[in-house]
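Protein sequence lines, in the order shown, are assigned to chains A and B.
Per our numbering, the very first residue in the first sequence carries number 15; after that it's consecutive.
Per our numbering, the very first residue in the second sequence carries number 1425; after that it's consecutive.
Note that beta-carbon positions come from the ideal geometry of N, C-alpha and C, so glycine has one too.
Scroll down for the structure; my scribbles are underneath it.
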Amino acid sequence: MKSMEHSHSKYLSNFDNWAEQKRFVDFTDKDVEFLKKLHPFAVEYADTFVEKLYSHLMTFSETKRFLGDEKTLMRLKLAQKSYFIDLTSGEYGKEYFNSRIKVGIVHQRIGLSPRIYMSTYCYYMQLIIPHIYGNPAFDADTAKGIFSALYKIINLDQELAISAYIHATDEVISRQTEEILEMSTPVIQIWEGVVAAPIIGMLDSSRTQQFMERLLETIVTTNSPVALIDITGVPQIDTATAQHLIDTINAVKLLGSQVIITGVRPVIAQTLVHLGIDLSGIVTRPTMASGLKVALDKLSIKVIDSSKE
Amino acid sequence: MDENTLSVIKLKNILLVTVPDEPGDDIIHELQTKVLNAIEKYQSKGLILDISNVNILDSFFARTISETTQMVALMGGQTVIAGMQPCVAITATELGLHLGKAISTLDVDRALDIFSDNFKLV
């Protein structure tokens, strides 16, 4: 709920853009007048339309599963009715804007694809058109005006819903990206004086920054002269990744600690040589275990297998 | 920063200097002169620069450290930089600053270890 309000509030700041959007589709006061003319009919037929729409939706398994039990269905129908009536209400201000934004966000949240609700607009149009062109209350010009106005407001509605939908999706993606970023660069102390940092995934510049900060911070707090950077989880290495790695190694050196690169798989070794990346000044090992051995040697620590004594 | 006179401490055959948190250009210059004079006076075989208070490293400071290291080497001593802050290390790497032939250690204790081990590097 909170996240919804959050994205909602973000959208309120975009309300100013909506006036521009209206101008873009040439939605004028004239259109508002035309829509108002349709309003009495919309109110009169709202129930019929909603019933027709829902019985239509019920015939598709994809939409049926969203409609739920009798109570939910009642609530949805009521919401749909007010949505429909609002369409011709003549008030297209902030409140209208908000309600349309909400449509997009809610649909994103329940996982109903835009494909479905975009098509719902089309079905709506089919239901309304006979009431415009076949209506004795409107002459040909009025009918044309109403149709055009309706087309514009529906386009505006769609734009809002889709933008909100995309925005809500983007938010999920950026949150997940952040989580992955956090998750994929842990730095752990594995021995007194030895920290290990397994890198999972590609090392780009934003991750390097984060990774470097965390590694250096941990080296200083644990007072560790040796740091193992494990690249088993790095799928492929390119010159940029290698450079990031070298930068990190140099920064660690400045602190007075030494880096051992572990998890150098054959394919990584091949790539490094083919790319001409020189890691000759750096200790590299194929596995974390062998890297740890080197680290312990440097610290003059001996690990003894007590069963063999 | 008037009272901020740099003190060069003699520990047996080593010199220890603690660099203040925001070393100005004149302090850095003073550091070089004082250190070199002290090496001449005490025949020290090493210099430990404790920079654990320093949060900002500029190019002038980096260059002076690198030069001082060379000068100390010419006078027969080894320079050890102790306790660099992570943020300083990151900035130095990003700017491509080099500290020349100076060795780094995590803290002053480890710097002293280097000298007692007779330059056996970790």
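Only counting the same chain, and skipping five residues up and downstream in sequence, which positions put a Cβ closer than 7 Å to that of residue i?
i: Ala-265 of chain A; result: Met-226, Leu-230
i: Met-1508 of chain B; result: Ile-1475, Ser-1528
i: Ala-60 of chain A; result: Lys-95, Phe-98, Ile-99
i: Lys-307 of chain A; result: none
i: Asp-1533 of chain B; result: none
i: Tyr-12 of chain A; result: Residue 12 of chain A lies beyond the stretch modelled for chain A, which goes from 15 to 323, so this question has no answer here.
i: Leu-170 of chain A; result: Gln-35, Lys-36, Val-39, Phe-41
i: Leu-1481 of chain B; result: Val-1512, Thr-1515, Ala-1516, Leu-1521
i: Thr-236 of chain A; result: Gln-203, Val-209
Is the Cβ of residue i closer than 9 Å to any Cβ of chain B?
i: Ser-220 of chain A; result: no
i: Ser-75 of chain A; result: no
i: Leu-259 of chain A; result: no
i: Lys-227 of chain A; result: First, the residue type needs correcting, since residue 227 of chain A is Glu and not Lys in the sequence shown. Chain B contact via Cβ: present.
i: Val-273 of chain A; result: no
i: Thr-262 of chain A; result: yes
i: Gly-270 of chain A; result: yes
i: Val-206 of chain A; result: Checking the displayed sequence, the identity of residue 206 of chain A turns out to be Glu instead of Val. Answer no: the Cβ-Cβ gap between Glu-206 of chain A and chain B never drops below 9 Å.
i: Ile-315 of chain A; result: no
i: Ala-303 of chain A; result: no
i: Ile-318 of chain A; result: no
i: Lys-267 of chain A; result: yes
i: Val-201 of chain A; result: no
i: Met-18 of chain A; result: Only weak support is given to the placement of Met-18 of chain A: the predicted model assigns it a pLDDT of 45, under 50, and the value that follows is read from those uncertain coordinates. Met-18 of chain A does not count as touching chain B.
i: Leu-101 of chain A; result: no
i: Val-234 of chain A; result: yes
i: Leu-217 of chain A; result: no
i: Leu-230 of chain A; result: yes
i: Gln-35 of chain A; result: no
i: Gln-223 of chain A; result: yes
i: Glu-323 of chain A; result: no
Using a Cβ-Cβ cut-off of 9 Å, state whether residue i counts as contacting chain A.
i: Ser-1540 of chain B; result: no
i: Gln-1509 of chain B; result: yes
i: Thr-1529 of chain B; result: yes
i: Ile-1505 of chain B; result: yes
i: Val-1496 of chain B; result: no
i: Leu-1471 of chain B; result: no
i: Leu-1519 of chain B; result: no
i: Ile-1451 of chain B; result: no
i: Val-1512 of chain B; result: yes
i: Leu-1523 of chain B; result: yes
i: Ala-1516 of chain B; result: yes
Anything in chain C within Cβ reach of residue i, meaning under 9 Å, just list it in chain order.
i: Pro-239 of chain A; result: Here the protein chains are A and B, and chain C is not one of them.
At a threshold of 8 Å, does residue i count as lining the ligand PLP (C-beta to nearest heavy atom)?
i: Met-216 of chain A; result: Summarising the ligand content, the structure contains no ligands, and the ligand PLP is consequently not present.
Cutting at 6 Å between CB atoms, please list the residues of its own chain near residue i, excluding the five before and the five after it.
i: Asp-1537 of chain B; result: none
i: Ile-318 of chain A; result: none
i: Ile-146 of chain A; result: Ala-157, Ile-160, Phe-161
i: Met-18 of chain A; result: Its pLDDT being 45, under 50, Met-18 of chain A is placed unreliably by the model, and the measurement read from it follows with that caveat. Cβ neighbours of Met-18 of chain A beyond the five flanking positions: Ile-119.
i: Cys-136 of chain A; result: none
i: Val-278 of chain A; result: Thr-298, Pro-300
Can you list, in chain order, the residues of its chain with a C-beta nearer than 8 Å to that of residue i? Leave out the 5 residues immediately preceding and following it.
i: Ile-124 of chain A; result: Phe-80
*May I ask you to verify whether the region 117-135 of chain A touches the region 39-55 of chain A, counting CB pairs closer than 8 Å and requiring at least 3?*
No, the region 117-135 of chain A does not touch the region 39-55 of chain A.
_Pairs of beta-carbons, one from the region 1477-1494 of chain B and one from the region 1438-1447 of chain B, closer than 8 Å: are there three or more?_
A contact exists between the region 1477-1494 of chain B and the region 1438-1447 of chain B.
*State whether the region 254-265 of chain A contacts the region 1510-1525 of chain B, with contact taken as three or more CB pairs (one from each stretch) at a distance under 8 Å.*
Touching, yes.
*Any alpha helix (DSSP H) of 4 or more consecutive residues that is wholly inside the region 1461-1512 of chain B*: DSSP runs (the alpha helix (DSSP H)) wholly in the region 1461-1512 of chain B: 1483-1498.
*asked:* I want to know whether the region 113-124 of chain A touches the region 174-191 of chain A - three or more CB-CB distances under 8 Å.
replied: Taking 8 Å as the limit for Cβ pairs, the verdict is that the region 174-191 of chain A does touch the region 113-124 of chain A.
*How about the region 1490-1502 of chain B and the region 1454-1472 of chain B: do they share at least three Cβ pairs that are nearer than 8 Å?*
Segments in contact, yes.
*Which residues, in order along the region 1468-1492 of chain B, keep a beta-carbon less than 8 Å from a beta-carbon of chain A?*
Taking 8 Å as the upper bound on Cβ-Cβ separation, chain A lies near no residue of the region 1468-1492 of chain B.
*Can you give, in chain order, each stretch of the alpha helix (DSSP H) that sits fully within the region 153-241 of chain A and has at least 4 residues?*
Within the region 153-241 of chain A, the complete alpha helix (DSSP H) runs of at least 4 residues are 154-197, 219-236.
*Are the region 246-259 of chain A and the region 207-219 of chain A touching by the rule of at least three beta carbon pairs closer than 8 Å?*
When C-beta atoms of the region 246-259 of chain A are compared with those of the region 207-219 of chain A, three or more pairs fall below 8 Å, so the two segments count as touching.
*For the 8 Å Cβ check, are there 3 or more pairs between the region 161-170 of chain A and the region 25-39 of chain A?*
Touching, yes.
*Which residues, in order along the region 1438-1450 of chain B, keep a beta-carbon less than 7 Å from a beta-carbon of chain A?*
Cβ contacts with chain A come from no residue of the region 1438-1450 of chain B.
*asked:* Check whether the region 238-246 of chain A and the region 295-314 of chain A are in contact - that is, three or more C-beta pairs closer than 8 Å.
replied: Yes: at least three Cβ pairs fall under 8 Å.
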